[in-house]
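Chemist: Encoded as structure tokens, here's the structure I'll be asking about.
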Amino acid sequence: MSNGIRYLKIFRFERDSAVAEKKDPELETVTDPMSETKQELPEPAVDEAKAATEAPSEAEAEAEAEAEAEAEAEAEAEAEAEAEAEAEAEAEAEAEAEAEAEAEAATPPETAPQPAPTETRRGGFAPALIGGIVAAVLGFLAGRADLIDPLLPPGLRASDGAEAIAALQSKLDQQQAALSALKSDIGKIEMPDISGLSAQLGDLSAQLAPLATTAEDLSARTDSQAQALSALTARLSELEARPVAEGASPEVVAAYEAELSRTREVLAAQRAEVEQMVADAQTLKATAAADAQRAANRGTLAQLRGQLEAGAAYAEPLAALTAAGIDIPVALSGPAADGVASLAVLRDTFPPAARAALADLRQETRGTGLLAFLERQTGARSVTPRAGDDPDAVLSRAEAAVTSGDLATALDLVAALPEAAQAALADWVAQASSRHQAIAAADALAQSLNSN
Numbered sequence: 003m004s005n006g007i008r009y010l011k012i013f014r015f016e017r018d019s020a021v022a023e024k025k026d027p028e029l030e031t032v033t034d035p036m037s038e039t040k041q042e043l044p045e046p047a048v049d050e051a052k053a054a055t056e057a058p059s060e061a062e063a064e065a066e067a068e069a070e071a072e073a074e075a076e077a078e079a080e081a082e083a084e085a086e087a088e089a090e091a092e093a094e095a096e097a098e099a100e101a102e103a104e105a106e107a108a109t110p111p112e113t114a115p116q117p118a119p120t121e122t123r124r125g126g127f128a129p130a131l132i133g134g135i136v137a138a139v140l141g142f143l144a145g146r147a148d149l150i151d152p153l154l155p156p157g158l159r160a161s162d163g164a165e166a167i168a169a170l171q172s173k174l175d176q177q178q179a180a181l182s183a184l185k186s187d188i189g190k191i192e193m194p195d196i197s198g199l200s201a202q203l204g205d206l207s208a209q210l211a212p213l214a215t216t217a218e219d220l221s222a223r224t225d226s227q228a229q230a231l232s233a234l235t236a237r238l239s240e241l242e243a244r245p246v247a248e249g250a251s252p253e254v255v256a257a258y259e260a261e262l263s264r265t266r267e268v269l270a271a272q273r274a275e276v277e278q279m280v281a282d283a284q285t286l287k288a289t290a291a292a293d294a295q296r297a298a299n300r301g302t303l304a305q306l307r308g309q310l311e312a313g314a315a316y317a318e319p320l321a322a323l324t325a326a327g328i329d330i331p332v333a334l335s336g337p338a339a340d341g342v343a344s345l346a347v348l349r350d351t352f353p354p355a356a357r358a359a360l361a362d363l364r365q366e367t368r369g370t371g372l373l374a375f376l377e378r379q380t381g382a383r384s385v386t387p388r389a390g391d392d393p394d395a396v397l398s399r400a401e402a403a404v405t406s407g408d409l410a411t412a413l414d415l416v417a418a419l420p421e422a423a424q425a426a427l428a429d430w431v432a433q434a435s436s437r438h439q440a441i442a443a444a445d446a447l448a449q450s451l452n453s454n
């Protein structure tokens, strides 16, 4: 308000100055003719004719001067009216300003209205960008503890011993959990039902019993026939040794010799028949024994396979197969005393081994950024199979293969991981490989027994 008044005063002053400047020349023009007329009046020597001609011009000049004076008076009156209006406006403005100042001074601070709460405006893109940069820097610094620790006081530095102890404790807990799971799995093992196989063995034994009896009968018969042939042979030899009676006709001698020849032929034929019967009986006996042994071997192998699947020791059935003359592969005979890891144990121990492998890889690569820092700290990994060649994707597919029981695929995927991940997975790979090779050897042995 004071600035407006000041501008109004300046405008008023400039306008008054302009009116005054305009007024002075007009007044001079008015006064000059008057002074000239006053000077012309006292001159005595003025020609009357000249005065008569100049009189009208002087009257006109006076009329013009009066008109100009009236115009100036009107202009001055208008200027004064405007000045008075401006003065009144200025006075009103000053009065309003004083009234407002008095009202503000008279209003107590306690009764002043509270300002309306303003809504906090959300930041735009720039604050979010700055916040992201700051978070990334903090994450990088937090991940590079080896750079920050030397600058921190001893009390704030990271303790490697505590981390190592915590890692060992975690591994011990995992091993304890695996042992508990193994004990639980062993307790839940159900031996395979071989009642059907036992029934088949009983039927086969019942069928072999008559064959054995027949073979024994044939052996007894062949023995008796052999004895009879031996007696006949002895008698023939005795008859041949006897001298032919003197005086016997040649026909009698020829008939006697012919009878001896036929007897020899009959004895030879009977001997051959008996020998064939003995051979057939022995073959039948051997075949029956072989069939019985094969059936027993299949039953023993079925028992071995059940213990192998359950992760239990299978040294006893393996010894029975060895005693039966079966050639046992090294992959099957090696872990017989302790057994191999069950599929349930391999499924339970794979996730912690995969997390440890990813942690080793991330520690070696030392990726920058907040995401890499969070992955290192939390050990996050994919639990559902996904495509890709990165270690996390490969391990996710390997875990899916283990869950489905496809150890061959899982081992191939793990073998394709970088060298830094192999140490953490070495124990699991050894157990899985031992189981996979033992089962493959047992399957090959079963196929061999079935084909023979």
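Note that the sequence shown ends on residue 454 in the numbering used here; no numbers are left out. Just so it is clear, CB atoms sit at the ideal spot from N, CA and C, and this is done for glycine as well.
1. Per DSSP, what kind of secondary structure is D391 in: helix, strand or coil?
2. When the Cα atoms are used, what is the spatial distance from H438 to G133?
3. For E80 and A73, what's the separation of their Cα atoms in angstroms?
4. How about V280 and A440: do their beta carbons lie closer than 8 Å?
5. Compute the beta-carbon to beta-carbon distance between P387 and A410, rounded to the nearest angstrom, for a pair I have assumed lies under 8 Å.
6. Determine the DSSP secondary structure at S406, reduced to helix, strand or coil.
7. Counting C-beta neighbours from all protein chains within 10 Å, is the total for A69 16 or more, i.e. buried, or is it exposed?
8. May I ask which residues mark the beginning and end of the alpha helix (DSSP H) holding A418?
9. Please name the residue in A322, L269 and A93 whose C-alpha comes closest to that of Q295.
10. Between the Cα of A338 and those of A77, A298, A443 and A85, spot the shortest distance and give me the residue it belongs to.
11. Does the distance from the C-beta atom of A180 to that of D350 stay below 8 Å?
12. Go ahead and label G327 buried or exposed: buried means 16 or more other beta carbons lie within 10 angstroms of its beta carbon, across all protein chains shown.
13. So, P354 versus Q176, is the Cβ gap smaller than 8 Å?
14. Drop a sphere of 10 angstroms on the beta-carbon of G313, count the other beta-carbons inside from all chains shown, and report buried for 16 or more, exposed for fewer.
15. Let me confirm a value: V276 is counted as buried when at least 16 other C-beta atoms fall within 10 Å, else exposed. Which label applies?
16. Using the three-state DSSP reduction, which class does E319 fall into: helix, strand or coil?
17. Between which two residues does the alpha helix (DSSP H) containing P331 stretch?
18. Return the first residue and the last residue of the alpha helix (DSSP H) that V255 is part of.
19. When you compare only the Cα positions, how much space is there between L447 and L269?
20. Taking contact to mean at least 3 C-beta pairs separated by less than 8 Å, is the region 392-408 in contact with the region 305-320?
21. Can you tell me whether DSSP reads A443 as helix, strand or coil?
22. Label A130 either buried or exposed according to how many other C-beta atoms from any shown protein chain fall within 10 Å of its C-beta, with 16 as the threshold for buried.
23. Please classify K24: is it buried, with 16 or more other beta-carbons within 10 angstroms of its beta-carbon, or exposed?
24. Q433 and L360 - do their beta-carbons sit closer together than 8 Å?
25. Whole angstroms are fine: how far does the CA of V139 sit from the CA of R123?
Modeler: According to the structure data:
1. Secondary structure at D391: coil, using DSSP grouped into helix, strand and coil.
2. Those two C-alpha atoms are separated by around 52 Å.
3. Distance between E80 and A73, taken at the CA atoms: about 10 Å.
4. no
5. No, P387 and A410 are not in contact; Cβ-Cβ is about 16 Å, not under 8 Å.
6. coil
7. Answer is exposed; the Cβ neighbour count stays below 16.
8. Neither: A418 is in no alpha helix (DSSP H) and is coded neither H nor E.
9. A322
10. When each option's Cα is compared against that of A338, the closest is A443.
11. Yes, they are a contact pair.
12. exposed
13. yes
14. That one is buried.
15. buried
16. Inspection of the sequence shows that residue 319 is occupied by Pro rather than by Glu. In the structure shown, P319 sits in a helix (DSSP, three-state: H, G or I).
17. It is not in any alpha helix (DSSP H) - P331 carries neither H nor E in the DSSP assignment.
18. P252 to A312
19. 50 Å
20. no
21. helix
22. exposed
23. With a pLDDT of only 47 at K24, under the threshold of 50, the placement of this residue in the model should not be trusted; the figure read from the coordinates follows. Classification of K24: exposed, given that the 10 Å Cβ count is below 16.
24. For L360 and Q433, no; Cβs fall outside 8 Å.
25. With a pLDDT of 48 at R123, under the threshold of 50, the modelled position of that residue is not reliable, and the figure given next carries that caveat. Near 26 Å, if we compare the C-alpha coordinates of V139 and R123.
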